[in-house]
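Asker: Counting in my numbering, the sequence shown runs from 2 upward without gaps. One structure is given below, represented as structure tokens, and several questions about it will come after.
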Amino acid sequence: MIKFKKLAIFTATFFVSIVLLIGIHYTQKQLDESIKVNHLRFTGQIKNAPPLVAFTTVALGSFRGILADFLWLRAASLQDKGNYFEMVQLADWIQKLQPRFAGAASYLAWNMAYNISVTCSNREDRWRWVNEGVKLLRTSLEYNPEDANLYKELGWIFQHKMGNVLDDAHQLYKNRLALAMMRVIGSNPDWEKLAKAPVGYKAFLKKYPETKDSPFLEALKKSGIETYDKLYEDFKKKSELPQSFLTALNRPLMAADLSDYFRAAWLYDKYKLRASVINEINKDYGDLDWRLPESQAIYWATMGLRMTPSHKDISCERMITQSLFAAFKSGRVVMIDRQNYDTIVCMPNLKVVDAVLRVYDEAYLNNDKQSSFRSAKLNFMKDAIVLLYSYGDFKKSKEYYRKLRKEEPGKYRRGYMAFLIKEWSEDMKDAAVKQATNIIGGLIYSSLNYMVNGDMEKAVEHENLAKYLYKNYQKANADVKERIGLAPYKTLKAGMIQSALKSFPPMMAQILRARIEASKKAQEKKKNISRGAVIPGLSY
2 MIKFKKLAIF TATFFVSIVL LIGIHYTQKQ LDESIKVNHL RFTGQIKNAP PLVAFTTVAL
62 GSFRGILADF LWLRAASLQD KGNYFEMVQL ADWIQKLQPR FAGAASYLAW NMAYNISVTC
122 SNREDRWRWV NEGVKLLRTS LEYNPEDANL YKELGWIFQH KMGNVLDDAH QLYKNRLALA
182 MMRVIGSNPD WEKLAKAPVG YKAFLKKYPE TKDSPFLEAL KKSGIETYDK LYEDFKKKSE
242 LPQSFLTALN RPLMAADLSD YFRAAWLYDK YKLRASVINE INKDYGDLDW RLPESQAIYW
302 ATMGLRMTPS HKDISCERMI TQSLFAAFKS GRVVMIDRQN YDTIVCMPNL KVVDAVLRVY
362 DEAYLNNDKQ SSFRSAKLNF MKDAIVLLYS YGDFKKSKEY YRKLRKEEPG KYRRGYMAFL
422 IKEWSEDMKD AAVKQATNII GGLIYSSLNY MVNGDMEKAV EHENLAKYLY KNYQKANADV
482 KERIGLAPYK TLKAGMIQSA LKSFPPMMAQ ILRARIEASK KAQEKKKNIS RGAVIPGLSY
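What follows is the structure, given as structure tokens:
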């Protein structure tokens with residue numbers, strides 16, 4: 002009787018288990034379908050993951066959550082004790098144990114980029130922590146490509162931490178980022194060509210198949226490089242194809258295509274930036290300088306909008322409008338400090354002015370006419386009028402003044418020049434470092450323009466006004482000079498000269514070089530005659 006009872010219980014348990022397993026199977030299918038339809042995420046097995054991630058997610062199963070909790074407690078303990086260096090490894094382990102837990106990556110990245118970095122007095126140490134936070138978010142995006150919040154977090158670090166001036170090390174961040182990007186894309190990339198490059202090794206093989214008569218494979222053998230991977234690594238060492246391979250290939254057009262492919266591949270492998278998306282953004286807003294943090298903030302905010310099911314997110318739209326506004330004000334790199342990373346000279350990207358206005362209008366309409374977007378738009382228009390005038394685009398400046406008067410009828414009755422003088426005075430009084438640099442740089446740029454056209458009186462007038470505003474700004478901000486002080490005046494002027502020589506038509510650039518050289522000789526001659534005397538005029 003007892004044996005029969007045990008057998009009955011066993012049999013009943015077995016059939017109940019079978020029924021439950023079948024129920025779980027069908028429930029799981031419904032959940033998987035719901036995940037696809039609603040763009041949800043889960044913590045199951047991850048495809049195409051590195052071996053260690055695949056091992057931890059499969060072999061450890063549910064126990065990986067317990068281990069991750071232990072590592073979280075360890076990380077908190079280390080932070081309380083001020084022992085931060087182990088936290089990078091802990092963050093890496095936590096992400097490998099729970100790669101689908103995007104919230105963990107967001108928290109750890111924020112902690113490293115903000116809370117930990119500011120405890121370091123050394124600027125290079127701060128950069129390492131900020132960079133580690135960025136790298137953590139990029140890695141997390143590989144496992145959570147549809148998590149819009151990750152894109153926002155990454156964009157915010159670029160916009161706020163690197164692009165702003167609130168951190169004492171912000172100049173170093175900007176220089177480091179610009180130099181790192183230049184190593185991958187160069188100083189003047191052709192985004193149209195990079196966007197057309199094959200995406201991934203499989204696409205590469207379609208364009209350059211590994212046949213017996215493949216010129217690519219033949220060149221690899223002749224140059225002694227042998228494999229694709231070795232060629233790619235050699236390319237990354239010097240940012241160019243090895244000379245031995247170029248000689249063996251002896252096909253300039255194919256070599257140019259290969260170089261574009263490797264640059265685009267490197268850009269994605271290292272920074273998770275797709276050249277095709279960058280090209281689309283440039284077409285939408287105008288050519289941005291991708292060495293600057295604001296451009297990258299725009300990229301990640303754009304990706305955040307694309308990954309949001311509704312394609313609407315006020316945080317991403319704010320990031321795009323604010324970063325595009327910043328790119329207009331100082332969105333072109335003119336000079337980089339390759340040695341000390343103390344200064345980076347930028348000038349406005351006037352080509353994006355109409356795109357900024359359009360984006361503000363779109364954000365205003367997309368978000369139920371929120372007043373904050375309209376207020377920001379009006380502030381942009383005021384700055385645009387001043388900057389366009391300062392850099393010599395008087396026609397566009399007056400056009401934006403007319404638009405501003407239509408936006409706020411009856412408010413601006415004192416006239417165009419009176420508005421400019423008033424805005425100039427207010428801007429320099431409370432200017433941030435970027436705004437002050439733009440105003441002073443604009444005056445220097447206009448001075449060069451007048452100089453080329455032979456109007457030396459106006460050239461001297463603009464140069465002297467630039468010097469006057471520079472001295473007053475530096476004096477007013479003497480207490481916080483390290484954080485918001487301007488670059489040396491000579492550096493600013495040299496940057497504007499370099500920019501003018503690049504942007505002026507060839508004939509004007511040639512005249513500018515000749516007149517600068519003549520001015521230097523004249524100044525040197527006068528100094529030799531009268532040491533210490535102040536000579537009014539230009540001193541280029």
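Virtual Cβ for every residue (Gly too), placed ideally from N, Cα, C. Remember, it's a predicted structure, so these values are computed and weren't measured experimentally.
Are the beta-carbon atoms of residue 328 and residue 350 separated by less than 8 Å?
Answerer: Yes.
Asker: Helix, strand or coil: which one does DSSP assign to residue 121?
Answerer: In this structure, residue 121 counts as coil in the three-state DSSP scheme.
Asker: Just verifying my parser: in three-state terms, what is the DSSP assignment at residue 406?
Answerer: Looking at residue 406 - three-state DSSP - the assignment turns out to be helix.
Asker: Starting from the C-beta of residue 50, find all residues in its chain whose C-beta is less than 6 Å away, skip the five residues before and the five after it, and write them out in chain order.
Answerer: Since pLDDT at residue 50 reaches only 46, below the 50 mark, its modelled position is unreliable, and the value read off the structure follows with that caveat. Nothing listed; no residue qualifies.
Asker: Going by DSSP, which residues form a beta bridge with residue 345?
Answerer: DSSP, once it has assigned bridges, lists 337 as partnering residue 345.
Asker: Out of 228, 406, 369 and 372, state which residue places its alpha-carbon closest to the alpha-carbon of residue 382.
Answerer: Closest option to residue 382, Cα to Cα, is 406.
Asker: Take the Cβ of residue 202 as the centre, count every other Cβ of all protein chains shown within 10 Å, and call the residue buried at 16 or more, exposed below.
Answerer: By the neighbour-count rule (16 or more Cβ atoms within 10 Å), residue 202 is not buried but exposed.
Asker: Between the region 178-191 and the region 448-464, do at least 3 Cβ pairs fall closer than 8 Å?
Answerer: With a cut-off of 8 Å, the region 448-464 and the region 178-191 do not count as touching, because too few Cβ pairs lie within range.
Asker: Does the distance from the C-beta atom of residue 137 to that of residue 110 stay below 8 Å?
Answerer: A contact, by the Cβ cut-off of 8 Å.
Asker: Run the CB neighbour count on residue 366, radius 10 Å, all protein chains shown included, and call it buried at 16 or more, exposed below.
Answerer: Label assigned to residue 366: exposed.
Asker: Starting from residue 253 and walking both ways along the alpha helix (DSSP H), at which residues does that stretch end?
Answerer: Residues 253-272.
Asker: I think residue 226 touches residue 243, with their Cβ atoms under 8 Å apart; what is that distance to the nearest whole Å?
Answerer: Residue 226 to residue 243, Cβ: 7 Å. Contact.
Asker: Mark residue 344 as exposed unless 16 or more other C-beta atoms lie within 10 angstroms of its C-beta, in which case mark it buried.
Answerer: Residue 344 comes out buried.
Asker: In angstroms with no decimal places, state the Cα-to-Cα distance between residue 270 and residue 184.
Answerer: Straight-line Cα distance between these residues: approximately 14 Å.
Asker: So residue 124 and residue 173 are in contact, right, with Cβ under 8 Å, and what is the actual spacing, rounded?
Answerer: Residue 124 to residue 173, Cβ: 5 Å. Contact.
Asker: Are the CB atoms of residue 131 and residue 158 within a distance shorter than 8 Å?
Answerer: Cβ atoms of residue 158 and residue 131: closer than 8 Å.
Asker: I'd like to know whether the C-beta atoms of residue 453 and residue 513 end up nearer to each other than 8 Å.
Answerer: Yes, Cβ-Cβ distance for residue 453 and residue 513 is below 8 Å.
Asker: Please name the residue, chosen from 267, 317 and 276, that lies closest to residue 291 on a Cα-to-Cα basis.
Answerer: For residue 291, the nearest C-alpha among the options comes from 276.
Asker: Once the 5 residues before and after residue 420 are set aside, which same chain residues still bring their CB inside 8 Å of it?
Answerer: Within the same chain, residue 420 has close Cβ partners 386, 402 and 413.
Asker: So, does the CB of residue 123 fall closer than 8 Å to a CB anywhere in chain B?
Answerer: This model lacks chain B altogether; it includes just one protein chain.
Asker: Given a threshold of 16 other Cβ atoms within 10 Å of its Cβ, counted over all protein chains shown, does residue 20 qualify as buried or as exposed?
Answerer: With fewer than 16 Cβ atoms within 10 Å of its Cβ, residue 20 is classed as exposed.
Asker: Excluding five sequence neighbours on each side, which residues of the same chain lie with their C-beta closer than 8 Å to the C-beta of residue 119?
Answerer: Answer for residue 119: 127 and 168, listed in chain order.
Asker: Can you tell me which of 370, 268 and 488 puts its alpha carbon nearest to the alpha carbon of residue 335?
Answerer: That would be 488, whose Cα lies nearest to the Cα of residue 335.
Asker: Between the beta-carbon of residue 162 and the beta-carbon of residue 105, is there less than 8 Å?
Answerer: Cβ atoms of residue 162 and residue 105: not closer than 8 Å.
Asker: Could you tell me the alpha carbon to alpha carbon distance between residue 1 and residue 268, rounded to whole angstroms?
Answerer: The displayed coordinates of the chain run from 2 to 541. Any statement about residue 1 would go beyond what the structure contains.
Asker: Taking a contact to mean a Cβ-Cβ separation below 8 Å, would you say residue 318 touches residue 368 in this structure?
Answerer: Yes, the Cβ-Cβ distance between residue 318 and residue 368 is below 8 Å.
Asker: Measure the C-alpha to C-alpha separation of residue 322 and residue 28 and round it to an integer number of angstroms.
Answerer: Answer to the nearest angstrom: the Cα atoms are 44 Å apart.
Asker: Quick one: using the 10 Å Cβ neighbour count with 16 as the cut-off for buried, is residue 53 buried or exposed?
Answerer: Caution applies to residue 53, whose pLDDT of 48 falls short of 50 and renders its modelled position unreliable; the value that the coordinates give is listed next. The residue in question, residue 53, is exposed, as its Cβ has fewer than 16 Cβ neighbours within 10 Å.
Asker: Would you mind sorting residue 307 into buried or exposed? The rule is 16 or more other CB atoms within 10 Å of its CB.
Answerer: Exposed, since its Cβ has fewer than 16 Cβ neighbours within 10 Å.
Asker: Am I right that residue 12 and residue 149 are in contact with their C-beta atoms under 8 Å? What's the rounded C-beta distance?
Answerer: Rounded, the Cβ-Cβ distance is 51 Å, inconsistent with contact.
Asker: Among 139, 286, 228 and 88, whose alpha-carbon lies nearest the alpha-carbon of residue 103?
Answerer: Considering only alpha carbons, the answer is 139.
Asker: Report the rounded CA-to-CA distance for residue 517 versus residue 463, giving the unit in angstroms.
Answerer: Whole-angstrom Cα-Cα distance: 16 Å.
Asker: Run through DSSP, which three-state label would residue 292 get?
Answerer: Here residue 292 sits in coil by DSSP.
Asker: Under the three-state reduction of DSSP, which class applies to residue 200: helix, strand or coil?
Answerer: Looking at residue 200 - three-state DSSP - the assignment turns out to be coil, as it is neither helix nor strand.
Asker: Taking buried to mean at least 16 other C-beta atoms within 10 Å of its own C-beta, is residue 285 buried or exposed?
Answerer: Its Cβ having fewer than 16 others within 10 Å, residue 285 is exposed.
Asker: Between which residues of its own chain and residue 256 is the CB-CB distance below 7 Å, once the five residues before and five after are set aside?
Answerer: Cβ neighbours of residue 256 beyond the five flanking positions: 242, 247 and 250.
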